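Participant:
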Amino acid sequence: MKVEASDRVKSIGSYAFADVDNEVAKLRKLGIEPIDFGVGDPKEPTPGLIRNYCKRAIDKQMSSGYPSYIGSSDFRETVAKWVVGRFGVELDVDTEICSSLGAKEAVFNLPEGFVNPGDYVIMPNPGYPPYERGTLFAEGKPYFYPLLSSNGFLPDLDKVPADVRKKAKIMWVNYPNNPTGAMISKEKLKEVIDFGKDNNVIIGSDECYTELYYDEKPISILELEREGVFAIQSLSKRSAMTTYRVGWVMGDPWVVDIFKKVKTNIDSGTATFIQDAASAALLDEKHVEEFRRSYKKKRDIIVDALTQIGLSDCSPKAGIYIWQKVPDGMGCVDFAKKLLDKDVGIVTTPGSWISNSVDDLNPGEEYVRFALVPSVHDCKEAAERIKRLKI
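Residue 317 in the working numbering sits at position 221 of the sequence shown; the count goes up by one each step and never skips.
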């Protein structure tokens, strides 16, 4: 017996970061242990204070049953306190915050609450793949706005066509940006908010990298507006908690309420002991400061090596990625393959794998992404290998 996959599944390709994992596996079969800058999964252990709190919380929550769909009141109250301390924004814990299984679940499932077949979702290109995949599964249509160095990797709102504006339901922005490391100013973010109001489009701000910055503190969209906007946060990168799957959606109560309705039909909420561990993480800033120092060291080590071989200085302002322009006359896949050579053994993500070709333009074609997740020691080793490259 053979049952065909659904049209929506057949319409999508493989997940880019699964392809990166496959390349790592190929090198290991050859007996080569690569230095993996491919997937943004921190190799540093989750801080001990978080792990220890989680262990204790397992016993504390041993009879707690199913977790709350929307997050425990304790977790939401901790989130609200952190948000007011970090961004100066006061949130109603009952109506303006909902926990999520990390950011990916929220990004993927939110279109189900707003998008009807044929509606548009406006999203960055390159960008986090679930922006597109969640739209397609909701039977919506992605509209990609290109992030180009010529515009500071910011959206050019004037180029969004009238027919797209008319049928759009959500617009995604992501700053600090994955993969470019760009930041957004309050003035530009206000333009995005005004675009949403003028066109009756909800603005979704993916803010998962706001805590990993190098100089200037990133802002939240909620500092400027509440109506018609929402933000997504996650502890995956801030506290090296990728395996815990915990984050939250916050903002306009109407948007949050619709997300809750979608969520309660899809999963049973984040485990109670993980919410407790997440609360402990939010109450501690020391480990985040240490992570920022570590990422800055790693950024500087790799950028120095890349510039020494003649490549452009593409130092990010924030986040955990270097969006590196490849040598002139070489495509991103070719350069990524050069780095994969057995004598180099460095894994990156070709920019075209996380970008879409629109009107013969793929904004990732001239870039590879380095995720700064190996240890400082491994980054130093990688830098020595990069310096041996002949380009």
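All C-beta atoms, glycine included, are put in the ideal place defined by N, C-alpha and C.
Being a predicted model, the structure only gives us computed values, none of them experimental.
Report yes if the CB atom of G223 is closer than 7 Å to the CB atom of P412, and no otherwise.
Facilitator: The residue labelled residue 223 in the question sits at position 127 within the sequence shown. The residue labelled residue 412 in the question sits at position 316 within the sequence shown. No, they are not a contact pair.
Participant: Can the beta-carbon of G161 be found less than 7 Å from the beta-carbon of P207?
Facilitator: Counted from its first residue, the sequence shown places residue 161 at position 65. Counted from its first residue, the sequence shown places residue 207 at position 111. No, they are not a contact pair.
Participant: CB A258 to CB Y216, shorter than 7 Å?
Facilitator: In the sequence shown, residue 258 corresponds to position 162, counting from 1. In the sequence shown, residue 216 corresponds to position 120, counting from 1. No. Outside cutoff.
Participant: Kindly indicate the opening and closing residues of the beta strand (DSSP E) around A264.
Facilitator: Your numbering for residue 264 matches position 168 in the sequence shown. Per DSSP, A264 belongs to the beta strand (DSSP E) from A264 to N270.
Participant: Quick one: what's got a C-beta closer than 7 Å to A414's C-beta in the same chain, skipping five residues either side?
Facilitator: Locating residue 414 in the sequence shown gives position 318, where the first residue counts as 1. These residues qualify, in order along the chain: P272, G277, M279, Y305, L308, Y309, Y310 and P314.
Participant: Whose CA, out of A401, G425, K438 and L457, lies closest to the CA of F466?
Facilitator: In the sequence shown, counting from the first residue as 1, residue 466 sits at position 370. F466 has its Cα closest to that of A401, out of A401, G425, K438 and L457.
Participant: Measure the Cβ-Cβ separation of P225 and V203 and say whether it is below 7 Å.
Facilitator: Here residue 225 refers to the residue found at position 129 when the sequence shown is read from its first residue. Here residue 203 refers to the residue found at position 107 when the sequence shown is read from its first residue. Contact flag unset, no.
Participant: To the nearest angstrom, how far is the alpha carbon of K122 from that of A327?
Facilitator: The residue given as residue 122 occupies position 26 in the sequence shown. The residue given as residue 327 occupies position 231 in the sequence shown. Whole-angstrom Cα-Cα distance: 38 Å.
Participant: What did DSSP end up calling L468 once you bin it into helix, strand or coil?
Facilitator: Residue 468 sits at position 372 when you count from the first residue of the sequence shown. DSSP places L468 in coil when its eight states are reduced to three.
Participant: Out of E201, V399 and V472, which has the shortest C-alpha to C-alpha gap to N361?
Facilitator: Counting from one through the sequence shown, the residue named residue 361 turns up at place 265. Per the Cα distances, E201.
Participant: Mark Q404 as exposed unless 16 or more other C-beta atoms lie within 10 angstroms of its C-beta, in which case mark it buried.
Facilitator: On the sequence shown, residue 404 is found 308 positions in, with the first residue counted as 1. Q404 comes out exposed.
Participant: By Cβ distance below 6 Å, which residues in the same chain neighbour R341 in space, the five residues on each side in sequence not counted?
Facilitator: Indexing the sequence shown from 1 puts residue 341 at position 245. Short of 6 Å from the beta carbon of R341, and not among the five residues preceding or following it, lie these beta carbons of its own chain, in chain order: L197 and G198.
Participant: T445 bridges to which residues according to DSSP?
Facilitator: Reading the sequence shown from its first residue, position 349 is the one you call residue 445. T445 pairs with R465.
Participant: What did DSSP end up calling C194 once you bin it into helix, strand or coil?
Facilitator: Here residue 194 corresponds to residue number 98 of the sequence shown, with the count starting at 1. The answer is strand: DSSP assigns C194 an E or B state.
Participant: For V440, collect the residues of the same chain with a Cβ closer than 8 Å to its Cβ; drop the 5 residues on either side in sequence, then sort them by chain order.
Facilitator: As a first step, residue 440 must be located in the sequence shown, where it is residue number 344. Cβ neighbours of V440 beyond the five flanking positions: K434, R481, I482, R484 and L485.
Participant: In terms of alpha-carbon separation, which member of M337, E462 and G300 lies closest to F355?
Facilitator: Here residue 355 refers to the residue found at position 259 when the sequence shown is read from its first residue. Taking only the C-alpha atoms, the option nearest F355 is G300.
Participant: Quick check on S489: buried or exposed, where buried means 16 or more other Cβ atoms within 10 Å of its Cβ?
Facilitator: Within the shown structure, residues of the chain are numbered from 97 to 487, placing residue 489 beyond reach of any answer.
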